[in-house]
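Student:
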Amino acid sequence: MPLKDQLLFLALVLRMHESMASLREAELYSKLLEDYEPLERPVANSSAPIDVKMGLVLQQIVSVDEKNQLVDVNAWLKMTWHDYSLEWDPKQYEGVADLRFKKSQLWTPDVLMYNSADPQFDSSFQSNLLVYPDGTVNWIPPGIFRISCRIAVVWFPFDVQECFLKVGSYRDELCGRSKPVSTFGSWTFDGSKLNLEVDENGFDVSSYITNGEWELTDCCQGSCAPGTCCPEPYYDVVFTFVIRRRVLYYGKRLFRWLERYPARFRISAFNLILPCILITMLTLIGFTLPPDAGEKMSLRAFATLMLNDEFGTTRIVVAAIRVDTVSYPLKSLIP
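Residues -21 to -1, 1 to 314 in mature numbering (1 follows the signal peptide of the UniProt record, and there is no 0) are what the sequence shown spells out, letter by letter.
(1) What are the residues that DSSP puts in a beta bridge with Glu194?
(2) When the Cα atoms are used, what is the spatial distance from Lys57 to Thr262?
(3) Are the stretch 89 to 105 and the stretch 64 to 77 in contact at 8 Å, needing three or more beta carbon pairs?
(4) Given a cut-off of 7 Å, decide if Lys81 and Thr59 are closer than it, judged by their beta-carbon atoms.
(5) Quick check: the Cα distance between Asn180 and Leu2, rounded to an integer number of angstroms?
(6) Measure the Cβ-Cβ separation of Val22 and Ile29 and say whether it is below 7 Å.
(7) For a test of the three-state rule: what should DSSP assign to Gln48, helix, strand or coil?
(8) Could you compute how far the alpha carbon of Gly34 sits from the alpha carbon of Ile123?
(9) Can you look up Phe137 in the DSSP assignment and give me helix, strand or coil?
(10) Bridge partners for Ala282 per DSSP, in chain order?
(11) Here's the rule: buried if 16 or more other CB atoms are within 10 angstroms of the residue's CB, otherwise exposed. What is Met260?
(12) So what does DSSP say about Asn174, is it helix, strand or coil?
(13) Taking a contact to mean a Cβ-Cβ separation below 7 Å, would you say Leu85 touches Leu108 in this structure?
(14) Mark Asn174 as exposed unless 16 or more other C-beta atoms lie within 10 angstroms of its C-beta, in which case mark it buried.
(15) Going by the beta-carbon positions, is the gap between Val217 and Phe266 smaller than 7 Å?
(16) Rounding to the nearest angstrom, what Cα-Cα distance links Leu65 and Ser106 in this structure?
(17) For Arg20 and Ala27, what's the separation of their Cα atoms in angstroms?
(18) Under DSSP, the beta strand (DSSP E) around Leu78 begins and ends at which residues?
(19) Below 8 Å on the Cβ atoms is my guess for Asn53 versus Gln39; work out the distance and round it to an integer in Å.
(20) Alpha carbon to alpha carbon, how far is Arg224 from Leu195?
(21) Go through its chain and collect everything with a Cβ distance to Asp62's Cβ below 6 Å, but skip five positions before and after it.
(22) Using the rule of at least 16 other Cβ atoms within 10 Å of the residue's Cβ for burial, across every protein chain shown, is Ser186 buried or exposed?
(23) Determine whether the beta carbon atoms of Leu134 and Val43 lie at a separation below 7 Å.
(24) Name the DSSP beta bridge partners of Ile29, please?
(25) For Pro254, which option in Pro270, Pro269, Ala282 has the closest C-alpha, if you only look at C-alpha atoms?
(26) How close, in whole Å, do the beta carbons of Thr87 and Trp118 come, if the pair is a contact with beta carbons under 8 Å?
(27) What is the DSSP secondary structure of Asn53, reduced to helix, strand or coil?
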């Protein structure tokens, strides 16, 4: 057989194999969804809870709104569970190793962020679900989550903020817990129906993109514990991250040597603290001039104008929301 005919025959065989695999995949889709009910929990025993392992992949801290006590976080939610009705033998279906389903086609845990500040409440992208032959279902919906976090600017610009991402049951939040946390959890299932667990990676920051103003200093592995507020078991999974304003944000090269001092005493805002120090020095120099010197009045007027301009810039950054959030370092600079 000529080489040209051999290549043509090989191409036809490969094409037939691809068509057969496509038909077998379509057949598998039809078989799995034939009697599938998306509202039914995928458990063989209806009295047993379904175990859902959950993790969080922090991509970026997008913004921190001190005035409104909000933090925008770019993150991926990772959820994994077993669906016994979605199992198949790859050998019987031309080696189909995985399938993708829409969220509306399969049962999914109704996990939401309870104290979401987003206008649409659920800001996650409803991505497809990836199903494997053993019935394992992986769902990784990404999103930019706007969480409520108490921003204390008492030590601005040397402040450190601690925010929480809490996964748990809705009723757990209604039963008297007052932590300022951002809460993910099942909206309708209690612990006897859905058991939230932390996966092996927990709080993953391996792909974190640094923020220009805020430095991620610490993060904690999610912890899982049953709630004690209600007769039913309710489980909480908490992810904690700590951020502080980046040291020498506006003048890092000039004051790099100051990094050996404790963080609270570093000059982290070059265009804020240093001008105020210089203004204070000009004010003190004014007292050394003779009372009848014309330069004294000019110097004091110049210092006053600079101070007004500097605190005009400060008002953009610092939000005096409550008495306990007024910055002590800035208050000490007010003459």
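All C-beta atoms in this analysis are idealised placements derived from N, C-alpha and C, irrespective of residue type, glycine included.
Tutor: Judging by the given coordinates:
(1) Note: Glu194 sits in a beta bridge opposite Arg223.
(2) A straight line joining the alpha-carbon of Lys57 with that of Thr262 spans about 57 Å.
(3) No, because fewer than three Cβ pairs between the stretch 89 to 105 and the stretch 64 to 77 fall closer than 8 Å, the two stretches do not touch.
(4) Contact: no.
(5) If you draw a straight line from the Cα of Asn180 to the Cα of Leu2, it comes to about 37 Å.
(6) Yes; because the gap between Cβ atoms is below 7 Å, this pair is in contact.
(7) Coil, per DSSP.
(8) It is roughly 16 Å from the alpha-carbon of Gly34 to the alpha-carbon of Ile123.
(9) In the structure shown, Phe137 sits in coil (DSSP, three-state: anything other than H, G, I, E or B).
(10) Partner(s): none; Ala282 has no beta bridge.
(11) With fewer than 16 other Cβ atoms from the protein chains shown falling within 10 Å of its own Cβ, Met260 counts as exposed.
(12) Here Asn174 sits in strand by DSSP.
(13) Contact flag set, yes.
(14) Asn174 comes out buried.
(15) Contact: no.
(16) Note on geometry: alpha-carbon atoms of Leu65 and Ser106 lie some 18 Å from one another.
(17) The alpha-carbon atoms of Arg20 and Ala27 are separated by roughly 10 Å.
(18) Segment 78 to 80, the beta strand (DSSP E) holding Leu78.
(19) Between Asn53 and Gln39 the beta-carbon gap is near 4 Å, inside 8 Å, which marks them as a contact.
(20) Each residue's Cα considered, the two are about 9 Å apart.
(21) Once the five neighbours on either side are set aside, the close Cβ partners of Asp62 are Pro21, Gly114, Val116.
(22) The residue is exposed, with fewer than 16 neighbouring Cβ atoms inside 10 Å.
(23) Sequence inspection shows Trp at residue 134; the Leu mentioned does not correspond to that position. No, the Cβ-Cβ distance between Trp134 and Val43 is not below 7 Å.
(24) Residue pairing from DSSP places Ile29 in a beta bridge opposite Leu173.
(25) Nearest Cα to Pro254 within the set Pro270, Pro269, Ala282: Ala282.
(26) At roughly 6 Å, the Cβ-Cβ gap stays under 8 Å, so Thr87 and Trp118 are in contact.
(27) Of the three classes helix, strand and coil, the one that applies to Asn53 here is strand, per DSSP.
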